[in-house]
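Peer 1: Handing you a structure now.
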Amino acid sequence: MVATFLTALGARDQLLVARLAERLGASGGLLVVGLASSALSAFAAAWVGAWLAQTMSESAASMFVAIALLLAAFECAWPNREKVPQEPTRSLGAIAIVLFARQLTDASRFLVAAFAVVFAGWPLAGLGGAIGGSAALALGWTMAGALERKLPLRGLRLALAAILFLLAAVTGLSARGIIG
Numbered sequence: 217m218v219a220t221f222l223t224a225l226g227a228r229d230q231l232l233v234a235r236l237a238e239r240l241g242a243s244g245g246l247l248v249v250g251l252a253s254s255a256l257s258a259f260a261a262a263w264v265g266a267w268l269a270q271t272m273s274e275s276a277a278s279m280f281v282a283i284a285l286l287l288a289a290f291e292c293a294w295p296n297r298e299k300v301p302q303e304p305t306r307s308l309g310a311i312a313i314v315l316f317a318r319q320l321t322d323a324s325r326f327l328v329a330a331f332a333v334v335f336a337g338w339p340l341a342g343l344g345g346a347i348g349g350s351a352a353l354a355l356g357w358t359m360a361g362a363l364e365r366k367l368p369l370r371g372l373r374l375a376l377a378a379i380l381f382l383l384a385a386v387t388g389l390s391a392r393g394i395i396g
C-alpha cells in the first residue's frame, strides 16, 4: 500500500486528476471515477501477477519481480512532458478510459503485479494497490493545481526511480545466484 502510494506521487494519473480538478473544479464525479479506475487497475494488475505466478518456478518469479521493479524504475524516471489540457473533456467516461489506460502501465501497477507474484494472496496485493493508488489520486484531487507547485514531484520520482533500480538489481542478482 505504501509503495503504491509513493510511486503514484507525481504519476501521470495523479497529475491528470489534479489538473482536471484545477481546471474543471474538484467535482465528486471526477474523484469517484478516479478512485474506481485506481481500484480496477490495481486488481487487474494483481490478478495478472497471480496468473503469471502459477506458471513460474521460484527463480522465474524472482526474475519477474526484478523486471517489474526495473520497469517501475524506468516509469518513475521518465519525464512527464504532458501539457495541461486546454479544453478538457467533461465526460467522466472519457476521463475514466484515459485514467485506466495510464494506470495499467504505471510504476504502481508494476509493483502490484510483482507483489501478487511474490505473495500468495493476489486480492491483498490488489487491495493494497487500490488503497495506495486511490490515496494518491485523492491527494491530487484535493490539492488540484497546488500539487505541482508545492511538492517537488520530479525530484521525488527520480529518488524513487533510483531506489527501485537498486532493488531491481539486487533482486535480479539474487535470482541468478550471483549474490546471496
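Heads up: the sequence shown runs through residues 217 to 396, numbered per our numbering. The beta carbon of each residue, even a glycine, is placed where N, CA and C say it ideally should be.
Along the alpha helix (DSSP H) that carries K366, what are the first and last residues, could you check?
Peer 2: A362 to K366
Peer 1: Among the residues of its own chain, which have a CB less than 7 Å from the CB of L353, if the five just before and after it don't count?
Peer 2: Apart from the 5 residues on each side of it in sequence, L353 sits with its Cβ closer than 7 Å to the Cβ of D229, Q230, V233, G250, L251 and S254 in its chain, given in chain order.
Peer 1: Give the secondary structure of M272 by DSSP, where H, G and I count as helix, E and B as strand, and everything else as coil.
Peer 2: Coil.
Peer 1: By a C-beta neighbour count over all protein chains shown, 10 Å radius and 16 as the cutoff for buried, is G342 buried or exposed?
Peer 2: buried
Peer 1: Sorted by chain position, which residues of the same chain lie with C-beta nearer than 8 Å to V333's C-beta, five sequence neighbours on each side aside?
Peer 2: G265, A266, L268, A269, M272, A277, F280, V281 and A284
Peer 1: Could you say which of L320, T387 and G388 lies nearest to S257 if we only look at CA atoms?
Peer 2: L320
Peer 1: With DSSP run on the structure shown, which of helix, strand or coil describes E291?
Peer 2: helix
Peer 1: What are the start and end residues of the alpha helix (DSSP H) that includes D229?
Peer 2: R228 to L240
Peer 1: Check this for me: beta carbons of L225 and A237, under 8 Å apart or not?
Peer 2: no
Peer 1: Does the beta-carbon distance from C292 to R373 come in below 8 Å?
Peer 2: yes
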